[in-house]
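Respectively, the protein sequence lines represent chains H and E.
Under my numbering, the first residue of the first sequence is numbered -1, with each subsequent residue one higher.
Under my numbering, the first residue of the second sequence is numbered 4, with each subsequent residue one higher.
Even for Gly, the Cβ is constructed at its ideal location relative to N, Cα and C.
Read through the structure below, which is laid out as structure tokens, and then see the notes.
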Amino acid sequence: MGTQLGGKASDLMGQVQGSQAWTSIFRPGSIFRKGYTDSPRNRSYVIMNSVLYHLHPVKVKRHGVRVSYTLCLGGLSFFLFILLTVTGIFLMFFYRPTAAQAWDDIYILQTEVAFGLLVRNIHRWGAHLMVLTVFLHMARVFYHGAYKPPREFNWVIGVILLTLTLLLSFTGYLLPWDQLALWAVTVGTNMMGFTPVFGDQVRFVLLSGVEIGTDTLLRWYVLHVLMLPFVLIIFLAVHFWRVRKDGGISGPL
Amino acid sequence: MTEVPEHLLRRAKEARERMEGSGESAEAPAAADSGPPPAEPTAAEPTAGEGEKIPAHLLDRSRSAEEQAAMAPAAPGGPVAAAPPSLPTGPGGHTQRLLTVVKSGSIQDVKAMPQDRVHVWPHLLLGEFVASLFITAFLLIFSVFVNAPLLELANVNETPNPSKAPWYFLGLQELLTMFHPMVAGVTIPGIALFLLILAPYIDRNKENAPEKRKFAVSLMTVHLMFWAVLVMIGSFFRGPGFNFIFPWQDGLFFDF
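Structure, rendered in structure tokens:
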């Protein structure tokens, strides 16, 4: 009985894997075409014949996979960025960036939307954590001397990514439109207003006016959910591409 | 110093187990499997007792040469004419044999040494997956128990005391208490950022190991600690009026 069922199942699997739909989804060489058995060849195929090949090579230096070398910090920063994008999209469904509605929307999100409070918490703590992991990633790269030739320019991109991360966090800070948001941003933008020569203009562009108001909220919302992530993704792509082109991870020490 | 790739190690282990499992009778087939080196088959021949170092066919050859030499006096002037009766071939009809193995490094200029590499799947991907699971679990649990702050509605006319920037800018706000705003808010962070970007072009030392670049490591540590200490003072040691306080005496004035 059991073997009969098993035979039927394997027959069915064979039919599915032979179907046009299946073979059109998984390209020749994909491990999903015939099923995976552990062999060096299939281990290569997992990467080589999947979209992951855009991110990872087939093989990396042995010391590079040790957790104690990278502490996973770069990867975790990227993962947190994905997590923040997912939770951020959820929050966008319930939020309108005007001074009259923003705070109420957050309040209703927390009290009436299913998992609203939890998702907002994850978004906020994840954002703080991402600032931390990006910062620690930079420190790790510095202490390993990984910014040295041929990786100088990737370090420059990394510093830009750190700045973008701070800006993303800062623009998000205003959006709840509570006392904390308003005054933290007031303090922050006042500092930028002291830019020499064109300080007032910088402040005016940032605030979309002479003081923080509903226009500022819209401007920072667009920066936060669209423009800065867009720029960050482009720099991320170049960052990852350069990691591989510059010979993979640095070291061993 | 490179390690043996693990799939080779595994294969060797499996072969060893197979050999042990099937007893001595399996020895010959196992040896045949693994592609025997040229001198191997002779070991099975009866001359094994004479010492394994001399291949049997060479012993045969020297024996026949001795016989020739014994016959030689019977046919004077023979040595030239009596060339070896047969070509000196090995047991399999080979006319060549392996004399020595020359390692590539000694006669070739090896530009790139092969590096010890491992497959991204499973070694790297599994680690990344586990790390992302851990961070997700951590964030989820933390978020269940700690709520993000939502203070009362923003009010332009009511300035909270103290007003603090986000924590990562609190180092700058701390500098504001010491310097003119243009120095604290623009010049110092600007120079810090600029130097950070230029670090790879300033640092000409080619070494990677921390013990060979003590100056760079110390400088960076001082730099990072500078900001870390300022951020901590700004976060926990500043109270109403941004005056210095001790958090264990006056409480926390800090929202995340």
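With DSSP as the reference, label residue i as helix, strand or coil.
i: V123(E); result: helix
i: R25(H); result: coil
i: D176(H); result: strand
i: R149(H); result: coil
i: P79(E); result: Because the pLDDT of P79(E) is 49, which lies under 50, any placement of that residue in the model is unreliable, and the question is left without a value.
i: R241(E); result: strand
i: F168(H); result: helix
i: L247(E); result: Looking at the sequence provided, one finds Phe at residue 247(E) rather than Leu. Note: F247(E) maps to strand in three-state DSSP.
i: K106(E); result: coil
i: L82(H); result: helix
i: K167(E); result: coil
i: V149(E); result: coil
i: V58(H); result: strand
Contact criterion: CB-CB distance below 8 Å. Does residue i meet it with respect to chain E?
i: M11(H); result: no
i: N119(H); result: yes
i: A137(H); result: yes
i: P95(H); result: no
i: M190(H); result: yes
i: H142(H); result: yes
i: Q177(H); result: yes
i: F238(H); result: no
Are the beta-carbon atoms of residue i and residue j separated by less than 8 Å?
i: F239(E); j: L255(E); result: yes
i: I155(H); j: H237(H); result: yes
i: K59(H); j: R120(E); result: yes
i: A151(E); j: V185(H); result: no
i: R206(H); j: D198(H); result: Sequence inspection shows Ser at residue 206(H); the Arg mentioned does not correspond to that position. Contact flag unset, no.
i: W123(H); j: L142(E); result: yes
i: V56(H); j: H60(E); result: no
i: L159(H); j: L230(H); result: yes
i: T193(H); j: V203(H); result: no
i: I248(E); j: F77(H); result: no
i: A97(H); j: G211(H); result: yes
i: T83(H); j: V129(H); result: no
Nearest chain H C-beta to residue i closer than 8 Å, yes or no?
i: E131(E); result: yes
i: M4(E); result: Here M4(E) scores only 48 on pLDDT, less than 50, and its place in the model should not be relied on; the value that follows carries that caveat. It does not: the Cβ of M4(E) has no partner Cβ on chain H nearer than 8 Å.
i: H60(E); result: no
i: N158(E); result: yes
i: G52(E); result: The predicted position of G52(E) is uncertain, since its pLDDT is 46 and thus under 50; no value can be drawn from it.
i: E210(E); result: yes
i: L233(E); result: no
Are there any heavy atoms of the ligand SAH lying less than 7 Å away from the beta-carbon of residue i, as far as the coordinates show?
i: F24(H); result: The model depicted lacks the ligand SAH and carries no ligand whatsoever.
Suppose only complete runs of 4+ residues qualify. What are the alpha helix (DSSP H) ranges in the stretch 85 to 132 of chain H, listed by chain order? Fully enclosed alpha helix (DSSP H) runs of 4 or longer: 100 to 110.
Segment contact, 8 Å Cβ cut-off, at least three pairs: the stretch 130 to 143 of chain H with the stretch 67 to 85 of chain H: Judged by Cβ distances under 8 Å, the stretch 130 to 143 of chain H makes contact with the stretch 67 to 85 of chain H, as three or more pairs qualify.
Tell me, please, whether the stretch 184 to 203 of chain H touches the stretch 155 to 169 of chain E by the rule of three or more beta-carbon pairs shorter than 8 Å. At 8 Å Cβ cutoff, the stretches touch.
Do the stretch 141 to 157 of chain H and the stretch 85 to 102 of chain H touch if we need at least three Cβ pairs shorter than 8 Å? No: fewer than three Cβ pairs fall under 8 Å.
Does the stretch 185 to 200 of chain E come close enough to the stretch 98 to 107 of chain H that 3 or more CB-CB pairs lie under 8 Å? Counting Cβ pairs under 8 Å, fewer than three are found: no touch.
Return the chain-ordered ranges of every alpha helix (DSSP H) run that is complete within the stretch 172 to 210 of chain E and spans a minimum of 4 residues. Counting whole runs of 4 or more residues, the stretch 172 to 210 of chain E contains the alpha helix (DSSP H) stretches 173 to 179 and 191 to 205.
For the pair the stretch 216 to 225 of chain H and the stretch 209 to 219 of chain E, tell me if three or more CB-CB distances fall below 8 Å. Contact annotation: the stretch 216 to 225 of chain H does not touch the stretch 209 to 219 of chain E, with fewer than three C-beta pairs closer than 8 Å.
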